[in-house]
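> If you read the first sequence in UniProt numbering, its first letter stands for residue 1, the second for the next number, and so on.
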Amino acid sequence: MENEESSSSSSQKHWIIEQEILREKLITEDNFTWKLLSTEDEGSKEKEEERLRYIGGVDISFSSDDSSMACGTLVVLDFNTLQVVYEDFSLVTLHVPYVPGFLAFREAPVLVEILDKMKRNGNPFYPQLLMVDGNGILHPRGFGLACHIGVVANLPTIGIGKNLHHIDGLNQSRVRELLGAKENSSKDFINLVGSSGHTWGAAMRSTEASIKPIYISSGHRISLQTAIKVVQMTCKYRVPEPVRQADIRSRDYIRKLEMNARTK
DNA sequence: GCGACAG
DNA sequence: ATCTTGTCGC
Numbered sequence: 001m002e003n004e005e006s007s008s009s010s011s012q013k014h015w016i017i018e019q020e021i022l023r024e025k026l027i028t029e030d031n032f033t034w035k036l037l038s039t040e041d042e043g044s045k046e047k048e049e050e051r052l053r054y055i056g057g058v059d060i061s062f063s064s065d066d067s068s069m070a071c072g073t074l075v076v077l078d079f080n081t082l083q084v085v086y087e088d089f090s091l092v093t094l095h096v097p098y099v100p101g102f103l104a105f106r107e108a109p110v111l112v113e114i115l116d117k118m119k120r121n122g123n124p125f126y127p128q129l130l131m132v133d134g135n136g137i138l139h140p141r142g143f144g145l146a147c148h149i150g151v152v153a154n155l156p157t158i159g160i161g162k163n164l165h166h167i168d169g170l171n172q173s174r175v176r177e178l179l180g181a182k183e184n185s186s187k188d189f190i191n192l193v194g195s196s197g198h199t200w201g202a203a204m205r206s207t208e209a210s211i212k213p214i215y216i217s218s219g220h221r222i223s224l225q226t227a228i229k230v231v232q233m234t235c236k237y238r239v240p241e242p243v244r245q246a247d248i249r250s251r252d253y254i255r256k257l258e259m260n261a262r263t264k
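1) With a 10 Å radius around its C-beta and 16 neighbouring C-beta atoms as the bar for buried, classify Ala-108 as buried or exposed.
2) Round the Cβ separation of Trp-200 and Ile-167 to the nearest angstrom and send it over; I've been treating them as touching at under 8 Å.
3) To the nearest angstrom, how far is the alpha carbon of Glu-89 from that of Ala-181?
4) Which residues in the same chain have their Cβ closer than 7 Å to the Cβ of Met-259, if we skip the five residues on either side of it in sequence?
5) Here's a check: name, in chain order, each residue in its chain whose Cβ is nearer than 8 Å to the Cβ of Leu-257, leaving out the five neighbours to either side.
6) Going by alpha carbons, who is nearest to Arg-23 out of Leu-37, Asp-133, His-148 and Val-76?
7) What's the gap between the Cα of Lys-25 and the Cα of Asp-66?
8) Could you check the C-alpha separation between Ser-206 and Gln-232 for me, to the nearest Å?
9) Could you check the C-alpha separation between Asp-247 and Leu-179 for me, to the nearest Å?
10) Should residue 295 and Ile-114 be called a contact, given that it needs their Cβ atoms to be closer than 8 Å?
11) Are the segment 124–140 and the segment 216–224 touching, with three or more C-beta to C-beta distances below 8 Å?
12) Looking at the unbroken alpha helix (DSSP H) that takes in Val-110, where does it start and where does it end?
13) Which residue or residues does DSSP assign as beta-bridge partners of Asn-191?
14) Just confirm the distance between the C-beta atoms of Ile-27 and Arg-244, as a whole number of angstroms; I'd bet it's less than 8 Å.
15) Per DSSP, what kind of secondary structure is Arg-249 in: helix, strand or coil?
16) What did DSSP end up calling Glu-5 once you bin it into helix, strand or coil?
17) Please state whether DSSP places Lys-256 in a helix, a strand or coil.
18) Please classify Arg-249 as buried or exposed, where buried requires at least 16 neighbouring CB atoms within 10 angstroms.
19) Residues in the same chain with beta-carbon distance under 6 Å from Gln-12, minus the five sequence neighbours each way, listed in chain order, please.
20) Could you tell me how far apart the beta carbons of Gly-134 and Ala-146 are, in whole angstroms, since I believe they sit closer than 8 Å?
21) Just the C-alpha distance for Val-193 and Ala-104, rounded to the nearest angstrom, thanks.
22) Smallest Cα separation from Ile-254: which of Thr-33, Val-76, Ser-9 and Ile-60?
23) Rank Pro-124, Ala-261 and Lys-35 by C-alpha distance to the C-alpha of Pro-156 and give the top, closest one.
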């Protein structure tokens, strides 16, 4: 006989195996052809095509009427101006529940499909780097949503968490303690070193006004050091623009949908 | 045993 | 994730 508990634990075992298989392809060092254009390099003769120009952001929002109805969203921003140059939405019904540590099995399929569609169409704005609303290697098994999407789509990704996933002895009170001791300058960060001594990512106070930090970690094909630089360069508010715009527009899409549903 | 636990 | 308005302050 199979009760709820045994079936759920067996699917979790299956998920763990899939994460381990995909993790063999994970790259946590810089692995891309473009370069970041820092402020001092503005006058450089770096060739346009060698620079990071298009940076994507993905997020999912849910309907309050029907909690299984979700809107997957992809936005692409011009890295220099931080203006949105592309957006796409996909309305889907999700049957996979949210289980801490297995977010990718709920959210990755929709997001990867939107990316695939853009690539198939040969869209010139296809992102060179993607920011994901969720963690990268800051994860119980070192393979969060950002890693999952990065490996499956073979794209450099950065994980952005708005809350800390408690792993390896890491907790928010310790983070606050470290950030507090580290001066109150905005966009300053601390490395998240767990009890094991491993560095999982970084916590950053992205805005002077925000006491609540964001959590940055490598997704795929990018180092933590570079990921932090990119996040610092794209933070107008607490959450970096690519993820923030995906979040705002995704919510907007759902809101308008529910607005129409009321009319009918 | 109890609590914690990305979105 | 989502339910939810105004409000105090830089």
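C-beta atoms are modelled at their ideal positions from N, C-alpha and C, and glycine is treated no differently. Only a predicted model underlies this, so the values are computations on that prediction, with no experimental measurement involved.
With the given structure in hand:
1) Reading the first sequence from its first residue, position 108 is the one you call residue 108. Result: buried.
2) For this step, residue 200 is matched to residue 200 along the first sequence. For this step, residue 167 is matched to residue 167 along the first sequence. Indeed they touch by this definition, with Cβ atoms about 7 Å apart.
3) Taking the first sequence and counting its residues from 1, the one referred to as residue 89 is at position 89. Taking the first sequence and counting its residues from 1, the one referred to as residue 181 is at position 181. Residue 89 is actually Phe in this sequence, not Glu. Distance between the alpha carbons of Phe-89 and Ala-181 is about 42 Å.
4) Numbered from 1 along the first sequence, position 259 holds the residue referred to as residue 259. The answer is none, since no qualifying residue turns up.
5) Reading the first sequence from its first residue, position 257 is the one you call residue 257. Counting only Cβ-Cβ distances below 8 Å, and skipping sequence neighbours, we find Ser-63, Cys-71 and Leu-91.
6) As a working mapping, residue 23 is identified with position 23 in the first sequence. Minimum Cα distance to Arg-23 is reached at His-148.
7) As a position in the first sequence, residue 25 is number 25, starting the count at 1. As a position in the first sequence, residue 66 is number 66, starting the count at 1. Answer to the nearest angstrom: the Cα atoms are 36 Å apart.
8) Counting from one through the first sequence, the residue named residue 206 turns up at place 206. Counting from one through the first sequence, the residue named residue 232 turns up at place 232. C-alpha separation (whole angstroms): 7 Å.
9) The residue you call residue 247 lines up with position 247 of the first sequence. The residue you call residue 179 lines up with position 179 of the first sequence. If you take the alpha carbons of Asp-247 and Leu-179, they lie about 26 Å apart.
10) Past the edges of the chain, shown from 1 to 264, lies residue 295, and the structure says nothing about it.
11) yes
12) The residue you call residue 110 lines up with position 110 of the first sequence. Taken as a continuous stretch (DSSP letters only), the alpha helix (DSSP H) holding Val-110 covers 103–120.
13) The sequence position of residue 191 within the first sequence is 191, counting from 1. In the DSSP output, where bridge partners are listed per residue, Asn-191 has Ala-202.
14) For this step, residue 27 is matched to residue 27 along the first sequence. For this step, residue 244 is matched to residue 244 along the first sequence. About 26 Å; that fails the 8 Å criterion.
15) For this step, residue 249 is matched to residue 249 along the first sequence. Correct three-state label for Arg-249: helix.
16) Taking the first residue of the first sequence as position 1, residue 5 is located at position 5. Because Glu-5 carries a pLDDT of 46, less than 50, the predicted location of this residue cannot be relied on, and no value is offered for it.
17) For this step, residue 256 is matched to residue 256 along the first sequence. Three-state DSSP puts Lys-256 in a helix.
18) Walking along the first sequence from the start, residue 249 turns up at place 249. Arg-249 should be labelled buried.
19) The residue labelled residue 12 in the question sits at position 12 within the first sequence. If we look at Gln-12 and ignore the five residues flanking it on each side, it has no Cβ neighbours.
20) Start at 1 with the first residue of the first sequence, and residue 134 comes out as number 134. Start at 1 with the first residue of the first sequence, and residue 146 comes out as number 146. Right, the Cβ-Cβ distance comes to about 6 Å (below 8 Å), so this counts as a contact.
21) As a working note, residue 193 is residue 193 in the first sequence. As a working note, residue 104 is residue 104 in the first sequence. Their Cα atoms are separated by approximately 24 Å.
22) Residue numbering aside, residue 254 sits at position 254 when the first sequence is read from its first letter. Nearest option by C-alpha distance: Ile-60.
23) Within the first sequence, numbered from 1, the residue matching residue 156 stands at position 156. Considering only alpha carbons, the answer is Lys-35.
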